[in-house]
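Undergrad: The sequence shown begins at 3 in this note's numbering and counts up one residue at a time.
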Amino acid sequence: MKDSLTSAVSMKTKDVTFNILKKLFNQITLTDELEVGSTRKAVREVLKQVLRHRNLMANLTRVRSYDSYTFDHSVNVCMLSLLMGLYLNLSKNELHNLGIGALLHDIGMERVDKNLIYKTGPLSPEEIRQVRKHPCWGYEMLSVIAGLPEEAAVVALQHHERLDRSGYPNSIGGKQIHYFARIVAVADVFDALLADRPFRNAFYPHQAVDIIVKYKGQFDPEVLHIFLDKIAIYPLGTKVRLNSGEIGTVVDMNRGSHTRPIIRLEQTGNSPAAVYREIDLSKHEDLYIVKVIR
Numbered sequence: 003m004k005d006s007l008t009s010a011v012s013m014k015t016k017d018v019t020f021n022i023l024k025k026l027f028n029q030i031t032l033t034d035e036l037e038v039g040s041t042r043k044a045v046r047e048v049l050k051q052v053l054r055h056r057n058l059m060a061n062l063t064r065v066r067s068y069d070s071y072t073f074d075h076s077v078n079v080c081m082l083s084l085l086m087g088l089y090l091n092l093s094k095n096e097l098h099n100l101g102i103g104a105l106l107h108d109i110g111m112e113r114v115d116k117n118l119i120y121k122t123g124p125l126s127p128e129e130i131r132q133v134r135k136h137p138c139w140g141y142e143m144l145s146v147i148a149g150l151p152e153e154a155a156v157v158a159l160q161h162h163e164r165l166d167r168s169g170y171p172n173s174i175g176g177k178q179i180h181y182f183a184r185i186v187a188v189a190d191v192f193d194a195l196l197a198d199r200p201f202r203n204a205f206y207p208h209q210a211v212d213i214i215v216k217y218k219g220q221f222d223p224e225v226l227h228i229f230l231d232k233i234a235i236y237p238l239g240t241k242v243r244l245n246s247g248e249i250g251t252v253v254d255m256n257r258g259s260h261t262r263p264i265i266r267l268e269q270t271g272n273s274p275a276a277v278y279r280e281i282d283l284s285k286h287e288d289l290y291i292v293k294v295i296r
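1. Helix, strand or coil: how does DSSP classify isoleucine 1 here?
2. Quick one: residues in its chain with C-beta nearer than 6 Å to the C-beta of glycine 140, no 5 flanking neighbours on either side, listed in chain order?
3. Kindly list the residues whose CB is nearer than 7 Å to the CB of proline 200, restricted to its own chain and excluding five residues on each side of it in sequence; keep chain order.
4. Indicate the three-state DSSP secondary structure (helix, strand or coil) for arginine 164 in the structure shown.
5. Do leucine 49 and glycine 103 have their C-beta atoms within less than 8 Å of each other?
6. From this set, Leu238, Leu85 and Leu196, which residue's C-alpha is nearest aspartate 254's C-alpha?
7. With DSSP collapsed to three states, give me the class of glycine 140.
8. If we require 4 or more residues per run, which alpha helix (DSSP H) segments fall completely within the segment 178-255?
9. Considering Cα atoms alone, identify which of His286, Leu230, Leu150 and Tyr206 is closest to serine 259.
10. Strictly by DSSP, which residues pair up with leucine 267?
11. In three-state DSSP terms, what is lysine 135?
12. Given a cut-off of 8 Å, decide if leucine 23 and serine 83 are closer than it, judged by their beta-carbon atoms.
13. Using the DSSP secondary-structure output, state which residues sit across from valine 1 in a beta bridge.
14. Would you mind stating whether leucine 90 and valine 52 have Cβ atoms separated by less than 8 Å?
15. Can the beta-carbon of leucine 195 be found closer than 8 Å to that of leucine 244?
16. Buried or exposed: which applies to histidine 286, given that a residue is buried once 16 or more other Cβ atoms fall within 10 Å of its Cβ?
17. Where do the N-terminal and C-terminal ends of the alpha helix (DSSP H) with glutamate 104 fall, by residue?
18. For leucine 226, does the count of other Cβ atoms within 10 angstroms reach 16, so buried, or fall short, so exposed?
19. Can you grab the Cα-Cα spacing for the pair isoleucine 281 / tyrosine 236, in whole Å?
20. Under 8 Å: do the segment 122-132 and the segment 174-186 share three or more Cβ pairs, one atom per stretch?
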């Protein structure tokens with residue numbers, strides 16, 4: 003991808019969507035109802051930005067607090083799912099329905115005991131069973147809401163299912179899993195790995211990609227190919243810090259290795275004028291990006 007980074011998905015759009023989503027989650031928790039119009043509006047705004055700026059990945063790596071995790075994660079999964087859907091040539095209507103399903107995929111987490119969500123130690127087998135009920139709860143919550151596309155409830159139910167039947171809640175596999183749920187599954191795992199959680203630190207994007215590739219048999223190969231080949235983890239123009247402490251700007255991509263782009267490093271030295279040199283991270287395994295600088 004050679005698009006230059008402008009504003010990606012604007013933080014204003016993301017914050018507006020975040021606030022809408024928070025109200026929607028509160029509404030459905032208190033009343034078992036959902037304002038479908040607001041949901042569609044949120045997805046339209048995100049889709050408009052995705053269509054305008056395909057290089058949106060920098061926004062996914064901002065620091066998130068535990069308290070806002072569910073909402074930030076849902077918006078990120080919506081953004082990334084829509085981007086993959088775009089490259090998978092989904093129609094405008096399909097993109098809208100995918101976006102709604104992605105935005106609401108974790109709605110069932112609202113019924114999970116918050117003490118389990120924020121627990122710092124390992125969960126007991128019974129606690130794991132409780133958390134793993136959230137897809138079914140999400141399906142129950144969304145399937146009775148008039149005006150929502152039926153795919154939204156199906157995505158909530160199936161986003162933790164895996165192609166090799168290792169997922170939950172029903173251990174279905176292959177094409178038994180709705181196509182939208184297969185897209186959301188990749189987005190869900192990737193963004194979850196990028197976030198700090200009470201029980202572990204966030205992974206760096208290159209580590210998250212490596213983990214997904216390690217378990218590639220669990221994901222739809224077409225969706226995974228699009229994710230690995232088309233999605234610019236670090237868009238052109240992104241300012242980054244390396245594990246060496248050096249700071250630079252992404253100036254080119256390595257096809258098939260978007261976690262290791264070509265970086266133009268700025269060297270301060272003794273010269274009054276900044277001196278630049280370029281480094282290809284795919285040829286330096288000891289160097290990797292640790293932070294996106296805003």
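Where a beta carbon is used, it is the ideal one built from N, C-alpha and C, also for glycine.
TA: In this structure, then:
1. There is simply no residue 1 to check, as the chain begins at 3 and stops at 296 in what is shown.
2. As a working note, residue 140 is residue 138 in the sequence shown. Cβ within range, chain order: Ile109, Gly110 and Ala158.
3. If you number the sequence shown from 1, residue 200 lands on position 198. So the qualifying residues of the chain are Tyr68, Tyr120, Lys121 and Thr122.
4. Counting from 1 along the sequence shown, the entry for residue 164 is found at position 162. Residue state, collapsed to three classes: coil.
5. Stepping through the sequence shown from its first residue, residue 49 is reached at position 47. Stepping through the sequence shown from its first residue, residue 103 is reached at position 101. Result no, Cβ atoms of leucine 49 and glycine 103 do not sit closer than 8 Å.
6. Along the sequence shown, read from residue 1 onward, the residue named residue 254 stands at position 252. Selected option, being the one with the closest Cα: Leu238.
7. As a working note, residue 140 is residue 138 in the sequence shown. Glycine 140 falls in the helix class under three-state DSSP.
8. Runs found: 181-196, 207-216 and 223-232.
9. As a working mapping, residue 259 is identified with position 257 in the sequence shown. Ranking His286, Leu230, Leu150 and Tyr206 by Cα distance to serine 259 puts Leu230 first.
10. In the sequence shown, counting from the first residue as 1, residue 267 sits at position 265. Leucine 267 pairs with Gly250 and Arg279.
11. As a working mapping, residue 135 is identified with position 133 in the sequence shown. In this structure, lysine 135 counts as coil in the three-state DSSP scheme.
12. By 1-based counting over the sequence shown, the position of residue 83 is 81. By 1-based counting over the sequence shown, the position of residue 23 is 21. No; because the gap between Cβ atoms is not below 8 Å, this pair is not in contact.
13. In the structure as shown, the chain begins at 3 and stops at 296. Residue 1 is therefore absent and cannot be evaluated.
14. Sequence index remark: in the sequence shown, residue 90 carries index 88 (1-based). Sequence index remark: in the sequence shown, residue 52 carries index 50 (1-based). Result no, Cβ atoms of leucine 90 and valine 52 do not sit closer than 8 Å.
15. What you label residue 195 is simply residue 193 of the sequence shown in a count that begins at 1. What you label residue 244 is simply residue 242 of the sequence shown in a count that begins at 1. Taking 8 Å as the Cβ cut-off, leucine 195 and leucine 244 do not qualify as a contacting pair.
16. Here the question's residue 286 lines up with position 284 in the sequence shown. Classification for histidine 286: exposed.
17. Taking the first residue of the sequence shown as position 1, residue 104 is located at position 102. One point to set straight first is that residue 104 is alanine, not glutamate, in the sequence displayed. Counting along the chain, the alpha helix (DSSP H) containing alanine 104 begins and ends at 94-105.
18. If you number the sequence shown from 1, residue 226 lands on position 224. With 16 or more other Cβ atoms within 10 Å, it is buried.
19. In the sequence shown, residue 281 corresponds to position 279, counting from 1. In the sequence shown, residue 236 corresponds to position 234, counting from 1. Taking the straight line joining both Cα atoms gives about 15 Å.
20. no
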